[in-house]
Amino acid sequence: DTEVTQTPKHLVMGMTNKKSLKCEQHMGHRAMYWYKQKAKKPPELMFVYSYEKLSINESVPSRFSPECPNSSLLNLHLHALQPEDSALYLCASSQDRTGLNGYTFGSGTRLTVV
Amino acid sequence: GQQLNQSPQSMFIQEGEDVSMNCTSSSIFNTWLWYKQDPGEGPVLLIALYKAGELTSNGRLTAQFGITRKDSFLNISASIPSDVGIYFCAGPPNSNYQLIWGAGTKLIIKP
Numbered sequence: 006d007t008e009v010t011q012t013p014k015h016l017v018m019g020m021t022n023k024k025s026l027k028c029e030q031h032m033g034h035r036a037m038y039w040y041k042q043k044a045k046k047p048p049e050l051m052f053v054y055s056y057e058k059l060s061i062n063e064s065v066p067s068r069f070s071p072e073c074p075n076s077s078l079l080n081l082h083l084h085a086l087q088p089e090d091s092a093l094y095l096c097a098s099s100q101d102r103t104g105l106n107g108y109t110f111g112s113g114t115r116l117t118v119v
Numbered sequence: 027g028q029q030l031n032q033s034p035q036s037m038f039i040q041e042g043e044d045v046s047m048n049c050t051s052s053s054i055f056n057t058w059l060w061y062k063q064d065p066g067e068g069p070v071l072l073i074a075l076y077k078a079g080e081l082t083s084n085g086r087l088t089a090q091f092g093i094t095r096k097d098s099f100l101n102i103s104a105s106i107p108s109d110v111g112i113y114f115c116a117g118p119p120n121s122n123y124q125l126i127w128g129a130g131t132k133l134i135i136k137p
């Protein structure tokens with residue numbers, strides 16, 4: 006299995022809703038990432054988990070809350086989002102957090118906040 | 027901070043043409059990664075480069091790690107319609123091992 010699987014593929018949520026994005030990989034990768042990508046821009050790093058511990062938080066607002074239940078799963082909990090948070094949210098994994106062998110990305114969750 | 031300059035920003039080409047794009051950095055990189063992103067999908071790693079001067083191919087794609095370690099090139103030969111998409115260069119040079127991304131090159135094939 007050489008894939009990163011993200012669910013849901015699309016999500017529309019109101020500003021008062023609570024929702025979660027899910028990510029799963031079974032490649033034995035020990036680093037997992039959340040990225041946010043706006044249209045026509047490169048991905049922006051949000052969080053890095055290394056060996057299931059949060060190692061980097063790129064000054065992301067607290068309305069985004071990551072969780073790594075085990076080495077294969079990564080969640081992103083969303084609460085009280087703003088319309089400007091609408092974007093493509095990408096999960097990625099790599100063998101370790103150096104990323105020197107490249108990242109494997111999921112297909113993303115297209116989030117629309119209304 | 028470190029930045030990557032990727033050019034061109036977009037390219038309109040005829041099917042069958044060869045394509046070239048490049049990335050330059052203000053500082054030395056030890057790794058260059060080239061990704062392609064199709065609409066509505068995540069980026070897919072095309073080629074990874076680890077040594078200055080290295081030339082690596084993946085089918086019709088060829089990438090080179092510049093001798094100065096501050097640039098890299100991606101060439102696509104005999105382009106086909108499925109080559110359309112956005113191509114990103116990236117490198118993991120900083121102390122936090124975070125990927126630094128170029129702004130992307132959008133490839134569009136003229137009908």
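The listed protein sequences correspond, in order, to chains A and B. For the first sequence, the working numbering assigns the number 6 to the initial residue and increments by one for each residue that follows. For the second sequence, the working numbering assigns the number 27 to the initial residue and increments by one for each residue that follows. No residue lacks a Cβ here, since even glycine has one placed at the ideal position from N, Cα and C.
Shorter than 8 angstroms from the beta carbon of residue i to some beta carbon of chain B?
| i | result |
| --- | --- |
| A:SER98 | no |
| A:ASN22 | no |
| A:PRO47 | yes |
At 8 angstroms on the CB atoms, spell out the chain B contacts of residue i, in chain order.
| i | result |
| --- | --- |
| A:LEU50 | GLN124 and LEU125 |
Quick one: does residue i have its CB under 8 angstroms from some CB of chain A?
| i | result |
| --- | --- |
| B:GLU80 | no |
| B:PHE55 | no |
| B:GLY128 | yes |
| B:PHE114 | yes |
Under 7 angstroms between beta-carbons, which chain B residues line up against residue i? List them in chain order, please.
| i | result |
| --- | --- |
| A:GLY107 | LEU59, LEU71 and ALA74 |
| A:GLY111 | GLY68 |
| A:LEU95 | GLY68 |
Taking the beta carbon of residue i as the centre, do at least 16 other beta carbons fall within 10 Å, making it buried, or is it exposed?
| i | result |
| --- | --- |
| A:GLN30 | buried |
| A:TYR56 | exposed |
| A:ASN62 | exposed |
| B:GLN35 | exposed |
| B:ILE126 | buried |
| A:THR109 | buried |
| B:GLN29 | exposed |
| A:VAL118 | buried |
| B:ILE73 | buried |
| B:SER51 | buried |
| A:PRO71 | buried |
| A:ALA92 | buried |
| B:SER105 | buried |
| B:LYS136 | exposed |
| A:PRO74 | exposed |
Can you round the beta-carbon distance between residue i and residue j to whole angstroms, since I take them to be within the 8 angstroms contact cut?
| i | j | result |
| --- | --- | --- |
| B:ILE39 | B:VAL45 | 6 angstroms |
| A:HIS34 | A:GLN87 | In fact, because the Cβ distance is near 31 angstroms, the residues do not count as touching under 8 angstroms. |
| B:ILE112 | B:LYS132 | 5 angstroms |
| A:LEU81 | A:MET37 | 11 angstroms between Cβ atoms; not a contact. |
| A:VAL9 | A:ALA97 | 6 angstroms |
| B:LEU75 | B:PHE91 | 4 angstroms |
| A:GLN42 | A:CYS28 | Going by Cβ atoms, the distance from A:GLN42 to A:CYS28 rounds to 14 angstroms, so no, they are not a contact pair. |
I want to check one thing, is the minimum distance from the CB of residue i to the heavy atoms of the ligand NAP below 7 angstroms?
| i | result |
| --- | --- |
| A:GLY111 | Of the ligands one can find in the structure shown there are none, so the ligand NAP has no counterpart to examine. |
- Item | 3-residue-minimum beta strand (DSSP E) runs that sit fully inside the segment 60-107 of chain A, ordered along the chain | 69-75, 78-84 and 92-99
- Can you list the beta strand (DSSP E) stretches of 3 or more residues lying completely in the segment 47-128 of chain B, in chain order? 58-63, 70-75, 81-84, 87-91, 97-102 and 111-117
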